[in-house]
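Just add 13 to the spot in the sequence shown (first one is 1) and you have our numbering.
Where is the CB? At the ideal position from N, CA and C, for every residue including glycine.
To start, the structure itself, in C-alpha coordinates.
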Amino acid sequence: MNQKQHKSLSVTWLLVILILLSSVITGISTEKAVSAGGASILTLLSVIFALWQGSRRYGWKGILIFLVTAFIFGNFYENLSIATGFPFGNYYYTSALGPKLIYTPLFINIAYFQMAFVAWNLSEPLLEQYSNSVNGKMLFVQPFLASFIMVMWDVVIDPWSSTVSHAWRWRDGGAYFGVPFSNYLGWFLCVFSIFFFFSMYTKNYQKNIIPEITKKHSYWIQIVLVYYSWVILLLLKALRTPFYQKVTDLTGQTWHIQQIYQVGGLVGLYSIVPIGLLALVKIFKRYSLN
(Lines of atoms letter the chains of each structure in order from A; the text may use other names.)
(Lines give C-alpha, C1' and ligand atoms only; values in the text may rest on other atoms or scores of the structure.)
Protein backbone atom coordinates (compact mmCIF):
# COMPACT_ATOMS: atom_id res chain seq x y z
CA MET A 14 0.00 0.00 0.00
CA ASN A 15 1.49 3.36 -1.04
CA GLN A 16 1.33 6.54 1.02
CA LYS A 17 -1.67 7.94 -0.88
CA GLN A 18 -3.68 4.74 -0.41
CA HIS A 19 -2.76 4.63 3.27
CA LYS A 20 -3.94 8.23 3.72
CA SER A 21 -7.24 7.51 1.94
CA LEU A 22 -7.82 4.45 4.10
CA SER A 23 -7.07 6.44 7.26
CA VAL A 24 -9.55 9.16 6.27
CA THR A 25 -12.24 6.57 5.60
CA TRP A 26 -11.72 4.79 8.91
CA LEU A 27 -11.84 8.14 10.71
CA LEU A 28 -15.22 8.84 9.10
CA VAL A 29 -16.53 5.40 10.06
CA ILE A 30 -15.37 5.84 13.67
CA LEU A 31 -17.08 9.24 13.84
CA ILE A 32 -20.26 7.73 12.38
CA LEU A 33 -20.29 4.95 14.99
CA LEU A 34 -19.47 7.41 17.77
CA SER A 35 -22.34 9.64 16.66
CA SER A 36 -24.62 6.61 16.60
CA VAL A 37 -23.68 5.62 20.16
CA ILE A 38 -23.94 9.16 21.59
CA THR A 39 -27.33 9.67 19.93
CA GLY A 40 -28.50 6.26 21.10
CA ILE A 41 -27.64 6.74 24.77
CA SER A 42 -28.80 10.35 25.01
CA THR A 43 -32.18 11.02 26.58
CA GLU A 44 -32.17 14.70 25.58
CA LYS A 45 -34.37 15.50 22.58
CA ALA A 46 -32.02 18.19 21.27
CA VAL A 47 -29.02 15.85 21.41
CA SER A 48 -31.02 13.05 19.82
CA ALA A 49 -32.18 15.21 16.91
CA GLY A 50 -28.81 16.84 16.43
CA GLY A 51 -27.01 13.51 16.68
CA ALA A 52 -29.17 11.96 13.97
CA SER A 53 -28.43 14.92 11.68
CA ILE A 54 -24.69 14.65 12.34
CA LEU A 55 -24.81 10.91 11.72
CA THR A 56 -26.52 11.51 8.38
CA LEU A 57 -24.11 14.25 7.30
CA LEU A 58 -21.09 12.13 8.21
CA SER A 59 -22.58 9.28 6.19
CA VAL A 60 -23.03 11.63 3.22
CA ILE A 61 -19.35 12.60 3.43
CA PHE A 62 -18.43 8.91 3.67
CA ALA A 63 -20.51 8.07 0.58
CA LEU A 64 -19.00 10.94 -1.41
CA TRP A 65 -15.45 10.00 -0.39
CA GLN A 66 -15.77 6.29 -1.07
CA GLY A 67 -17.88 6.87 -4.16
CA SER A 68 -15.28 9.22 -5.65
CA ARG A 69 -12.60 6.58 -5.13
CA ARG A 70 -14.73 3.99 -6.88
CA TYR A 71 -16.73 5.82 -9.57
CA GLY A 72 -14.77 9.06 -9.81
CA TRP A 73 -16.13 12.44 -8.73
CA LYS A 74 -18.34 12.77 -11.80
CA GLY A 75 -19.89 9.36 -11.24
CA ILE A 76 -20.65 9.81 -7.56
CA LEU A 77 -22.01 13.33 -8.06
CA ILE A 78 -24.38 11.94 -10.70
CA PHE A 79 -25.49 9.40 -8.07
CA LEU A 80 -26.03 12.25 -5.58
CA VAL A 81 -27.98 14.40 -8.05
CA THR A 82 -30.08 11.39 -9.13
CA ALA A 83 -31.02 10.62 -5.52
CA PHE A 84 -31.73 14.30 -4.86
CA ILE A 85 -34.00 14.77 -7.90
CA PHE A 86 -36.01 11.55 -7.55
CA GLY A 87 -36.26 11.93 -3.78
CA ASN A 88 -37.49 15.50 -4.00
CA PHE A 89 -39.92 14.67 -6.81
CA TYR A 90 -41.62 11.76 -5.06
CA GLU A 91 -41.66 13.47 -1.66
CA ASN A 92 -43.29 16.63 -3.00
CA LEU A 93 -45.71 14.61 -5.11
CA SER A 94 -46.83 12.64 -2.07
CA ILE A 95 -47.18 15.68 0.17
CA ALA A 96 -49.33 17.32 -2.51
CA THR A 97 -51.41 14.28 -3.58
CA GLY A 98 -50.88 11.43 -1.11
CA PHE A 99 -49.09 9.30 -3.74
CA PRO A 100 -46.89 7.29 -3.40
CA PHE A 101 -46.01 7.42 0.32
CA GLY A 102 -49.26 8.60 1.88
CA ASN A 103 -50.51 11.80 3.51
CA TYR A 104 -47.90 13.59 5.61
CA TYR A 105 -46.02 16.86 5.95
CA TYR A 106 -42.59 17.96 7.14
CA THR A 107 -42.20 20.11 10.22
CA SER A 108 -39.48 22.76 10.52
CA ALA A 109 -37.15 20.33 12.34
CA LEU A 110 -35.01 19.51 9.29
CA GLY A 111 -34.42 23.04 8.07
CA PRO A 112 -34.93 24.74 4.67
CA LYS A 113 -37.21 23.12 2.11
CA LEU A 114 -37.30 22.80 -1.66
CA ILE A 115 -41.04 23.22 -2.25
CA TYR A 116 -42.43 21.02 0.59
CA THR A 117 -39.42 18.79 1.29
CA PRO A 118 -36.35 19.63 3.40
CA LEU A 119 -33.09 19.73 1.46
CA PHE A 120 -31.68 17.53 4.20
CA ILE A 121 -34.02 14.67 3.27
CA ASN A 122 -32.81 14.63 -0.31
CA ILE A 123 -29.16 14.19 0.64
CA ALA A 124 -30.17 11.61 3.26
CA TYR A 125 -31.52 9.48 0.41
CA PHE A 126 -28.09 9.55 -1.20
CA GLN A 127 -26.03 8.30 1.73
CA MET A 128 -28.10 5.18 2.30
CA ALA A 129 -28.64 4.62 -1.43
CA PHE A 130 -24.86 4.39 -1.81
CA VAL A 131 -24.65 1.84 1.01
CA ALA A 132 -27.58 -0.25 -0.27
CA TRP A 133 -26.27 -0.22 -3.85
CA ASN A 134 -22.89 -1.49 -2.72
CA LEU A 135 -24.33 -4.19 -0.47
CA SER A 136 -26.43 -5.57 -3.33
CA GLU A 137 -23.26 -6.32 -5.31
CA PRO A 138 -21.71 -9.19 -3.31
CA LEU A 139 -25.16 -10.73 -2.83
CA LEU A 140 -25.49 -10.88 -6.63
CA GLU A 141 -21.77 -11.36 -7.27
CA GLN A 142 -21.92 -8.30 -9.52
CA TYR A 143 -18.78 -6.28 -8.83
CA SER A 144 -18.19 -4.33 -12.02
CA ASN A 145 -18.70 -0.57 -12.06
CA SER A 146 -20.78 -1.05 -15.21
CA VAL A 147 -24.11 -2.81 -14.78
CA ASN A 148 -25.33 -4.75 -17.82
CA GLY A 149 -27.87 -7.29 -19.01
CA LYS A 150 -30.45 -8.58 -16.56
CA MET A 151 -28.59 -6.90 -13.70
CA LEU A 152 -29.91 -3.56 -14.97
CA PHE A 153 -33.19 -4.62 -13.34
CA VAL A 154 -32.13 -7.22 -10.78
CA GLN A 155 -29.58 -5.09 -8.93
CA PRO A 156 -31.88 -2.05 -8.52
CA PHE A 157 -34.62 -4.43 -7.36
CA LEU A 158 -32.47 -6.01 -4.64
CA ALA A 159 -30.85 -2.72 -3.62
CA SER A 160 -34.33 -1.26 -3.12
CA PHE A 161 -35.19 -3.94 -0.56
CA ILE A 162 -31.91 -3.33 1.24
CA MET A 163 -32.61 0.39 1.44
CA VAL A 164 -36.26 0.07 2.48
CA MET A 165 -35.10 -2.12 5.39
CA TRP A 166 -33.36 0.99 6.72
CA ASP A 167 -36.55 3.05 6.56
CA VAL A 168 -38.53 0.31 8.29
CA VAL A 169 -36.08 0.72 11.17
CA ILE A 170 -36.00 4.51 11.41
CA ASP A 171 -39.32 5.91 10.16
CA PRO A 172 -41.43 5.42 13.34
CA TRP A 173 -38.68 7.07 15.39
CA SER A 174 -38.17 9.97 12.98
CA SER A 175 -41.87 10.68 12.49
CA THR A 176 -43.94 9.46 15.45
CA VAL A 177 -41.33 10.17 18.15
CA SER A 178 -39.12 12.97 16.78
CA HIS A 179 -41.80 14.69 14.66
CA ALA A 180 -39.42 15.47 11.79
CA TRP A 181 -42.48 14.67 9.68
CA ARG A 182 -46.07 13.84 10.66
CA TRP A 183 -48.45 11.30 9.17
CA ARG A 184 -51.89 12.90 8.92
CA ASP A 185 -53.81 9.60 8.95
CA GLY A 186 -51.47 7.62 11.19
CA GLY A 187 -50.68 4.02 10.41
CA ALA A 188 -50.52 0.53 11.88
CA TYR A 189 -46.73 0.49 12.17
CA PHE A 190 -46.35 2.85 15.13
CA GLY A 191 -48.15 5.62 13.27
CA VAL A 192 -46.55 4.95 9.88
CA PRO A 193 -48.82 3.69 7.06
CA PHE A 194 -48.13 0.60 4.95
CA SER A 195 -48.21 2.78 1.83
CA ASN A 196 -45.05 4.55 2.98
CA TYR A 197 -42.91 1.50 2.34
CA LEU A 198 -44.44 0.80 -1.06
CA GLY A 199 -43.74 4.41 -1.96
CA TRP A 200 -40.20 4.08 -0.71
CA PHE A 201 -39.63 1.06 -2.91
CA LEU A 202 -40.87 2.92 -5.98
CA CYS A 203 -38.75 5.95 -5.18
CA VAL A 204 -35.48 4.17 -4.50
CA PHE A 205 -35.95 1.73 -7.38
CA SER A 206 -36.19 4.77 -9.66
CA ILE A 207 -32.91 6.07 -8.24
CA PHE A 208 -31.12 2.76 -8.63
CA PHE A 209 -32.47 2.02 -12.10
CA PHE A 210 -31.41 5.42 -13.41
CA PHE A 211 -27.95 4.98 -11.90
CA SER A 212 -27.62 1.46 -13.32
CA MET A 213 -28.39 2.86 -16.79
CA TYR A 214 -25.77 5.55 -16.24
CA THR A 215 -23.13 2.97 -15.29
CA LYS A 216 -23.99 0.86 -18.34
CA ASN A 217 -23.28 3.75 -20.67
CA TYR A 218 -20.59 5.76 -18.90
CA GLN A 219 -18.71 3.58 -16.40
CA LYS A 220 -15.96 1.16 -17.42
CA ASN A 221 -16.71 -2.56 -17.24
CA ILE A 222 -14.02 -3.20 -14.64
CA ILE A 223 -13.84 -4.34 -11.03
CA PRO A 224 -12.16 -1.44 -9.18
CA GLU A 225 -9.18 -2.28 -7.01
CA ILE A 226 -10.82 -0.58 -4.02
CA THR A 227 -13.61 -3.19 -4.00
CA LYS A 228 -11.04 -5.98 -3.70
CA LYS A 229 -10.14 -4.74 -0.23
CA HIS A 230 -11.95 -6.19 2.77
CA SER A 231 -11.79 -2.81 4.49
CA TYR A 232 -14.03 -1.24 1.81
CA TRP A 233 -16.85 -3.66 2.55
CA ILE A 234 -16.41 -3.73 6.32
CA GLN A 235 -16.78 0.06 6.35
CA ILE A 236 -19.93 -0.10 4.20
CA VAL A 237 -21.47 -2.66 6.55
CA LEU A 238 -20.60 -0.67 9.68
CA VAL A 239 -22.28 2.44 8.26
CA TYR A 240 -25.37 0.33 7.50
CA TYR A 241 -25.32 -1.03 11.06
CA SER A 242 -24.95 2.40 12.71
CA TRP A 243 -28.71 3.04 12.70
CA VAL A 244 -29.49 -0.35 14.23
CA ILE A 245 -26.98 0.34 17.00
CA LEU A 246 -28.66 3.69 17.63
CA LEU A 247 -32.16 2.18 17.96
CA LEU A 248 -31.02 -0.70 20.16
CA LEU A 249 -29.32 1.72 22.55
CA LYS A 250 -32.42 3.90 22.68
CA ALA A 251 -34.51 0.83 23.47
CA LEU A 252 -32.26 0.13 26.46
CA ARG A 253 -32.25 3.74 27.67
CA THR A 254 -35.93 4.66 27.31
CA PRO A 255 -38.32 4.05 30.25
CA PHE A 256 -41.44 2.03 29.46
CA TYR A 257 -43.80 4.71 30.77
CA GLN A 258 -42.84 7.28 28.12
CA LYS A 259 -45.55 7.61 25.48
CA VAL A 260 -46.24 9.62 22.34
CA THR A 261 -49.50 10.36 20.52
CA ASP A 262 -49.79 10.57 16.73
CA LEU A 263 -52.08 12.92 14.79
CA THR A 264 -54.98 10.44 14.89
CA GLY A 265 -54.92 10.32 18.69
CA GLN A 266 -53.33 6.87 18.85
CA THR A 267 -50.90 6.53 21.75
CA TRP A 268 -47.70 4.50 21.47
CA HIS A 269 -45.05 3.43 23.97
CA ILE A 270 -41.77 5.03 22.85
CA GLN A 271 -39.69 2.17 24.22
CA GLN A 272 -41.65 -0.30 22.09
CA ILE A 273 -41.02 1.80 18.98
CA TYR A 274 -37.29 1.62 19.65
CA GLN A 275 -37.40 -2.07 20.54
CA VAL A 276 -39.24 -3.07 17.39
CA GLY A 277 -37.02 -0.88 15.21
CA GLY A 278 -33.93 -2.42 16.75
CA LEU A 279 -35.37 -5.93 16.47
CA VAL A 280 -36.27 -5.48 12.80
CA GLY A 281 -32.78 -4.17 12.11
CA LEU A 282 -31.15 -6.98 14.05
CA TYR A 283 -32.85 -9.65 11.97
CA SER A 284 -32.84 -7.94 8.55
CA ILE A 285 -30.06 -5.36 8.26
CA VAL A 286 -27.52 -7.35 10.29
CA PRO A 287 -27.87 -10.61 8.28
CA ILE A 288 -27.61 -8.70 4.99
CA GLY A 289 -24.33 -7.16 6.10
CA LEU A 290 -22.97 -10.48 7.38
CA LEU A 291 -23.90 -12.31 4.19
CA ALA A 292 -22.23 -9.63 2.09
CA LEU A 293 -19.03 -9.94 4.13
CA VAL A 294 -19.03 -13.74 3.92
CA LYS A 295 -19.22 -13.53 0.14
CA ILE A 296 -16.46 -10.93 0.00
CA PHE A 297 -14.15 -12.92 2.26
CA LYS A 298 -14.71 -16.03 0.15
CA ARG A 299 -13.98 -14.13 -3.06
CA TYR A 300 -10.87 -12.24 -2.00
CA SER A 301 -7.99 -13.33 0.16
CA LEU A 302 -7.27 -11.26 3.28
CA ASN A 303 -5.80 -7.89 2.33
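Using the Cβ count rule (16 or more neighbours within 10 Å means buried), how would you classify residue i?
{"i": "Pro112", "result": "exposed"}
{"i": "Lys45", "result": "exposed"}
{"i": "Pro287", "result": "exposed"}
{"i": "Ile76", "result": "buried"}
{"i": "Glu91", "result": "buried"}
{"i": "Ser231", "result": "exposed"}
{"i": "Ala304", "result": "Residue 304 lies beyond the range of the chain shown here (14 to 303); nothing can be said about it."}
{"i": "Gly265", "result": "exposed"}
{"i": "Trp73", "result": "exposed"}
{"i": "Met213", "result": "exposed"}
{"i": "Ile223", "result": "exposed"}
{"i": "Val60", "result": "buried"}
{"i": "Val47", "result": "exposed"}
{"i": "Phe99", "result": "exposed"}
So what's residue i in DSSP terms, helix, strand or just coil?
{"i": "Val147", "result": "coil"}
{"i": "Arg184", "result": "coil"}
{"i": "Thr264", "result": "coil"}
{"i": "Pro287", "result": "helix"}
{"i": "Lys20", "result": "helix"}
{"i": "Lys220", "result": "coil"}
{"i": "Pro255", "result": "coil"}
{"i": "His3", "result": "An answer regarding residue 3 cannot be provided, because it is not within the stretch 14 to 303 covered by the chain."}
{"i": "Pro138", "result": "helix"}
{"i": "Tyr300", "result": "coil"}
{"i": "Tyr274", "result": "helix"}
{"i": "Thr6", "result": "With the chain covering only 14 through 303, there is no way to say anything about residue 6."}
{"i": "Tyr125", "result": "helix"}
{"i": "Pro156", "result": "helix"}
{"i": "Pro118", "result": "strand"}
Have a look at the options and flag the residue whose alpha-carbon is nearest the alpha-carbon of residue i.
{"i": "Gly102", "options": "Leu158, Val192, Thr261 and Ser212", "result": "Val192"}
{"i": "Phe194", "options": "Thr215, Asp171, Gln266 and Val204", "result": "Asp171"}
{"i": "Leu93", "options": "Ile78, Leu114 and Leu55", "result": "Leu114"}
{"i": "Gly149", "options": "Lys216, Ile78, Phe256 and Leu27", "result": "Lys216"}
{"i": "Met151", "options": "Gly187, Phe208 and Leu110", "result": "Phe208"}
{"i": "Leu27", "options": "Val239, Ser146, Tyr283 and Ala251", "result": "Val239"}
{"i": "Ser178", "options": "Lys20, Thr97, Thr261 and Leu282", "result": "Thr261"}
{"i": "Ser146", "options": "Gly186, Ile95, Tyr71 and Phe120", "result": "Tyr71"}
I believe residue i touches residue j by the beta-carbon criterion, under 8 Å. Please report the beta-carbon distance rounded to the nearest angstrom.
{"i": "Tyr143", "j": "Thr82", "result": "With 8 Å as the limit, Tyr143 and Thr82 do not qualify as a contact, their Cβ atoms being about 21 Å apart."}
{"i": "Val154", "j": "Tyr197", "result": "Not really, about 20 Å apart at Cβ, beyond 8 Å."}
{"i": "Thr25", "j": "Gln66", "result": "6 Å"}
{"i": "Phe205", "j": "Ser160", "result": "4 Å"}
{"i": "Trp268", "j": "Val169", "result": "The pair is not a contact, with the Cβ atoms about 16 Å apart (cut-off 8 Å)."}
{"i": "Leu293", "j": "Ile234", "result": "7 Å"}
{"i": "Ala124", "j": "Ala49", "result": "14 Å between Cβ atoms; not a contact."}
Excluding the five sequence neighbours on either side, which residues of its own chain have a C-beta within less than 7 Å of the C-beta of residue i, listed in chain order?
{"i": "Val37", "result": "Ile245 and Leu249"}
{"i": "Arg182", "result": "Tyr104, Tyr105, Thr107, Ser175 and Leu263"}
{"i": "Thr41", "result": "Strictly speaking, residue 41 in this sequence is Ile, with Thr absent from that position. Counting only Cβ-Cβ distances below 7 Å, and skipping sequence neighbours, we find Leu249 and Arg253."}
{"i": "Ile236", "result": "Val131, Asn134 and Leu135"}
{"i": "Leu158", "result": "Ser136, Leu139 and Leu140"}
Can you confirm whether residue i, when its beta carbon is compared against all beta carbons of chain B, has any partner nearer than 8 Å?
{"i": "Gly98", "result": "Absent from the structure is chain B; it holds one protein chain and no more."}
Counting only the same chain and skipping the five closest in sequence on each side, list residues whose C-beta sits under 8 Å from that of residue i.
{"i": "Lys295", "result": "Pro138, Leu139 and Glu141"}
Which same chain residues end up closer than 6 Å to residue i when comparing Cβ atoms and leaving out the 5 residues on each side of it in sequence?
{"i": "Phe84", "result": "Asn122"}
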